[in-house]
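J.: My questions all concern the structure below.
2 protein chains.
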Amino acid sequence: MQRIDLKLGARHCPILIGRGLLASQALLAEHTGVRQLMVVSNETVAPLWLPRLREGLAGRSFVQCLLPDGEQHKTLASATRIIDALVEARMNRDCMVIALGGGVIGDIAGFAAATYQRGVACLQLPTTLLAQVDSAVGGKTGVNHPGGKNLIGAFHQPAAVITDTDTLGTLPDRELHAGLAEVIKAALVADGAFFAWLEQQIDALLARKPEALVGAIRRACEIKAGIVARDEREQGPRAILNLGHSFGHAIETGLGHGKWLHGEAVAAGIVLAAELSARSGRLAAAEVGRVRSLLARAGLPVDPPRLGRDRMLALLGMDKKVEGGRLRLVLLDSIGSATCTADFPRDALEKLLDDSAGTGAT
Amino acid sequence: MQRIDLKLGARHCPILIGRGLLASQALLAEHTGVRQLMVVSNETVAPLWLPRLREGLAGRSFVQCLLPDGEQHKTLASATRIIDALVEARMNRDCMVIALGGGVIGDIAGFAAATYQRGVACLQLPTTLLAQVDSAVGGKTGVNHPGGKNLIGAFHQPAAVITDTDTLGTLPDRELHAGLAEVIKAALVADGAFFAWLEQQIDALLARKPEALVGAIRRACEIKAGIVARDEREQGPRAILNLGHSFGHAIETGLGHGKWLHGEAVAAGIVLAAELSARSGRLAAAEVGRVRSLLARAGLPVDPPRLGRDRMLALLGMDKKVEGGRLRLVLLDSIGSATCTADFPRDALEKLLDDSAGTGAT
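Chains as they are written, first to last, in the numbering used here: chain A, 1307 to 1668; chain B, 1307 to 1668.
So, in structure tokens, the structure goes:
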């Protein structure tokens, strides 16, 4: 078992990675204590992995709340269903919400835990690569609003993140690829050598070789934990973890949540960010080629849908990274180094979206 | 102008108290900066005090969101209305929500600010005595759930609390009395000399003598700020500020939110807590008399409604202060000193509720 500690002042959040961890009674007992438990999962994941978690919980009773599967259900209504279930079960402030599933389940259950009785404990048990390397780590929780992704949310650190890598065995290829987008993003913003390693290991990762997967998860978590430890609430440096996400959120909202997977939209967004970095004179053109090529090899879309330039600009206007009216984006200075900045030519952005997203509406 | 600083590690929240502050352009400019502003108020307070705030904001544009008046509107639906308005106005992460009103407006607007884009700035402008001495101070935000009060919420410190004591001039007597309940509570848990001062000043307070009101607000805020500074998230000592609130919440939920004012329910709850403290051998019987007498002189109910013992016990069972299945209550050791404890005889509680709330249902 690999262990990473995300340190946040006096608090810390252990991230544990290994095979078969969901069934580990000692580990689950250590992290759940004697709390009342509610397991939140979805109708796809629960049949596959809830039996193993039940084993890990060693016959302890818990309340279940199963949501329908999919990003389109990442709504305030779903969070409210969990809260209703917590009230119904008369859970007290000392209870724990266990999120068993991908990023959507982790974000909704985390938000319900953040707001039930002004915050109860949450244990993240991510079952998708994307959640294991990104969304379950760092305490961002939230749900979507018709006006944009994650517009309602809270920062709420989990008590622990326990990643059972066996869960990747049942993950559809498309979701594996979406997770690789966030692994590649972590490398791009912080570690050029890790990016080069991914270029070498991409076929092993696609073939789900365990040692390659554990290596990628571990390093992506280390990078994220290091950045979040310096800036938990995204006042500054943490923003670089949003590489590709402003464009990605615009794509997701523009298409309607759930059409593209989050990681797919982020992949196309990363290419746009890299392209804009090059057109702003920050990044060498050859580096854009490496970025595009690795994402394509990972089975990800590297061009945005043709939503139209003006629609994309409007969607970017509602993005959380707008500050004082100016759009801030994460741009690359090299492979392994990124900056969140409003310092890029507006016309370069417009031209880029003209070229890639089309001039007209869909 | 009086100033108290609530210190929370590196953060701090200034509390400013004085006449005419809503119209102070310099003060408002200092605390709002150049942010996009949304003013949240209700249909009762806005006609009275929004014109003065408009003067203080010196012609700056802001978006308004007016909610209906009353505790029955302290719902997730109201918080969602604010968030919808923030999205609609395309407010970014650097915006500020200004709560102009009593505890209900402050709690809902604070919760919307806590969760919009994972947290934006909130300025509290309390216009009721209760909000000025208690609910606007300390960062508790939230809304009610059919299953109980404040079951959905967040800790989110305001950027500042600005109390214009002129607003008390338009406050109905019943609301003034409700606010005095929280002033008396602050004295009971932390400062016996302040309680004695309140015994002397109660007629001046009821006559709304400015110097008495400012003195009471200032000392109640100091007490609360001192306790919150030691325990922002209510892991321990802050719980004593809930004196009377477990019973009070049970009364409010049992009657239906909005029937009794929060302060009225707390007053009856404080008497129950004092009575239970005496019956558990913690508090002298004469002290219970002083507590009951001051609350009665303040125009507050000192007996609970006859909801019935069993209903009260059930309502207490869902309270946030239940831990590991045992009911914890705030009890008085003397006037000026309180403890949050599960150490009281269960049958004393049952007998007390029998005597005061009745054996049958309403």
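Glycine residues also receive a C-beta, built at the ideal position from the N, C-alpha and C atoms.
#1: Check the Cβ of A/Phe1461 against every Cβ in chain B and list those closer than 9 Å, keeping chain order.
#2: What does the Cβ neighbour count give for A/Ala1352, buried or exposed, with the cut at 16 atoms within 10 Å?
#3: Would you check if the distance between the CB atom of B/Ser1347 and the CB atom of B/Ile1411 is smaller than 8 Å?
#4: State the start and end residues of the unbroken beta strand (DSSP E) segment that holds A/Cys1319.
#5: Can you give me the C-alpha to C-alpha distance between A/Thr1531 and A/Glu1538, rounded to a whole angstrom?
#6: Just to confirm, are A/Ala1418 and A/Ala1385 a CB contact at a threshold of 8 Å?
#7: Just the C-alpha distance for A/Leu1589 and A/Ala1518, rounded to the nearest angstrom, thanks.
#8: Where does A/Ala1545 sit, in a helix, a strand or coil, going by DSSP?
#9: Name the two residues that bound the continuous alpha helix (DSSP H) containing A/His1451.
#10: So B/Phe1501 is in the alpha helix (DSSP H); what residue range does that whole segment cover?
#11: In chain order, which beta strand (DSSP E) runs of at least 3 residues are fully inside the segment 1397-1445 of chain B?
#12: Contact criterion: CB-CB distance below 8 Å. Does B/Thr1421 meet it with respect to chain A?
#13: Would you be able to state if there are at least three C-beta pairs under 8 Å between the segment 1563-1570 of chain B and the segment 1465-1472 of chain B?
#14: Can you find the residues in the same chain that come closer than 7 Å, C-beta to C-beta, to A/Thr1668, ignoring five residues on each side of it along the sequence?
#15: Just reading off the beta strand (DSSP E) that B/Val1636 is part of, what are its end residues?
#16: Shorter than 8 Å from the beta carbon of B/Val1489 to some beta carbon of chain A?
#17: Would you mind sorting A/His1379 into buried or exposed? The rule is 16 or more other CB atoms within 10 Å of its CB.
#18: Less than 8 Å separating the beta-carbons of A/Gly1454 and A/His1555?
#19: Once you ignore the five residues that flank A/Leu1582 on each side, which residues in its own chain have a CB closer than 8 Å to its CB?
#20: Return the bridge partner residues of B/Thr1645 from the DSSP annotation.
#21: By alpha-carbon positions, which one of A/Val1443, A/Cys1428, A/Ala1427 ends up nearest to A/Thr1434?
#22: Of all the options B/Ser1586, B/Glu1593, B/Val1597, B/Ala1591, which has the alpha carbon lying nearest to the alpha carbon of B/Gly1575?
#23: What are the residues that DSSP puts in a beta bridge with B/Cys1371?
#24: Are any of the Cβ atoms in chain B nearer than 8 Å to that of A/Lys1530?
#25: Does B/Val1393 have its Cβ less than 8 Å from a Cβ in chain A?
#26: Using a Cβ distance threshold of 8 Å, determine whether the segment 1446-1462 of chain A contacts the segment 1418-1427 of chain B, with at least three qualifying pairs required.
#27: Pick helix, strand or coil for A/Lys1515, following the three-state DSSP scheme.
#28: Beta carbons nearer than 8 Å to chain A: which residues of the segment 1313-1324 of chain B have them?
#29: Taking 6 Å as the limit between beta carbons, can you name the residues of its chain near B/Val1369, skipping five residues before and five after?
#30: To the nearest whole angstrom, what separates the beta carbons of B/Ala1571 and B/Val1594, a pair I think is in contact under 8 Å?
T.: The structure says:
#1: On the first sequence, residue 1461 of chain A is found 155 positions in, with the first residue counted as 1. Residues of chain B passing the Cβ test: Arg1424, Gly1425.
#2: Locating residue 1352 of chain A in the first sequence gives position 46, where the first residue counts as 1. Counting Cβ neighbours within 10 Å, A/Ala1352 comes out buried, since at least 16 surround it.
#3: The residue labelled residue 1347 of chain B in the question sits at position 41 within the second sequence. The residue labelled residue 1411 of chain B in the question sits at position 105 within the second sequence. Result yes, Cβ atoms of B/Ser1347 and B/Ile1411 sit closer than 8 Å.
#4: In the first sequence, counting from the first residue as 1, residue 1319 of chain A sits at position 13. Per DSSP, A/Cys1319 belongs to the beta strand (DSSP E) from 1317-1324.
#5: Numbered from its first residue, the first sequence carries residue 1531 of chain A at position 225. Numbered from its first residue, the first sequence carries residue 1538 of chain A at position 232. It is worth fixing the name first, because residue 1531 of chain A is Ala in this sequence and not Thr. About 9 Å.
#6: In the first sequence, the residue the question calls residue 1418 of chain A occupies position 112. In the first sequence, the residue the question calls residue 1385 of chain A occupies position 79. The answer is yes: Cβ separation under 8 Å.
#7: Indexing the first sequence from 1 puts residue 1589 of chain A at position 283. Indexing the first sequence from 1 puts residue 1518 of chain A at position 212. Those two C-alpha atoms are separated by around 29 Å.
#8: Taking the first residue of the first sequence as 1, we reach residue 1545 of chain A at position 239. Three-state result, A/Ala1545: helix.
#9: Here residue 1451 of chain A refers to the residue found at position 145 of the first sequence. Taken as a continuous stretch (DSSP letters only), A/His1451 belongs to no alpha helix (DSSP H), being part of the beta strand (DSSP E) at 1446-1451.
#10: For the purposes of this step, residue 1501 of chain B is identified with residue 195 of the second sequence, where counting begins at 1. Counting along the chain, the alpha helix (DSSP H) containing B/Phe1501 begins and ends at 1498-1512.
#11: 1402-1407, 1427-1432
#12: Against the second sequence, residue 1421 of chain B aligns to sequence position 115. Chain A contact via Cβ: present.
#13: no
#14: If you number the first sequence from 1, residue 1668 of chain A lands on position 362. Here A/Thr1668 scores only 45 on pLDDT, less than 50, and its place in the model should not be relied on; the value that follows carries that caveat. Same-chain partners within the cutoff: Arg1612, Leu1613, Gly1614.
#15: Taking the second sequence and counting its residues from 1, the one referred to as residue 1636 of chain B is at position 330. Here the beta strand (DSSP E) through B/Val1636 covers 1635-1640.
#16: The residue you call residue 1489 of chain B lines up with position 183 of the second sequence. Not an interface residue.
#17: Taking the first sequence and counting its residues from 1, one reaches residue 1379 of chain A at position 73. Result: buried.
#18: The count along the first sequence starts at 1 and reaches residue 1454 of chain A at position 148. The count along the first sequence starts at 1 and reaches residue 1555 of chain A at position 249. Yes; because the gap between Cβ atoms is below 8 Å, this pair is in contact.
#19: For the purposes of this step, residue 1582 of chain A is taken as residue 276 along the first sequence, with counting starting at 1. Cβ within range, chain order: Leu1635, Leu1637, Phe1650, Ala1654, Leu1655, Leu1658.
#20: Here residue 1645 of chain B refers to the residue found at position 339 of the second sequence. Partner(s): B/Leu1637.
#21: Position 128 of the first sequence, counted from the start, is the residue given in the question as residue 1434 of chain A. With distances taken between Cα atoms, A/Thr1434 lies closest to A/Val1443.
#22: Your numbering for residue 1575 of chain B matches position 269 in the second sequence. Minimum Cα distance to B/Gly1575 is reached at B/Val1597.
#23: To locate residue 1371 of chain B, count along the second sequence from 1; it is residue 65. Paired residue(s): B/Val1346.
#24: Residue mapping note: residue 1530 of chain A aligns to position 224 of the first sequence, counting from 1. So no, A/Lys1530 is outside the interface.
#25: Position 87 of the second sequence, counted from the start, is the residue given in the question as residue 1393 of chain B. Yes, its Cβ sits closer than 8 Å to a Cβ of chain A.
#26: yes
#27: Start at 1 with the first residue of the first sequence, and residue 1515 of chain A comes out as number 209. Coil.
#28: none
#29: Locating residue 1369 of chain B in the second sequence gives position 63, where the first residue counts as 1. Hits under 6 Å: Met1344, Ala1395.
#30: Counting from one through the second sequence, the residue named residue 1571 of chain B turns up at place 265. Counting from one through the second sequence, the residue named residue 1594 of chain B turns up at place 288. Their Cβ separation, rounded to whole angstroms, is 19 Å, which puts B/Ala1571 and B/Val1594 out of contact at 8 Å.
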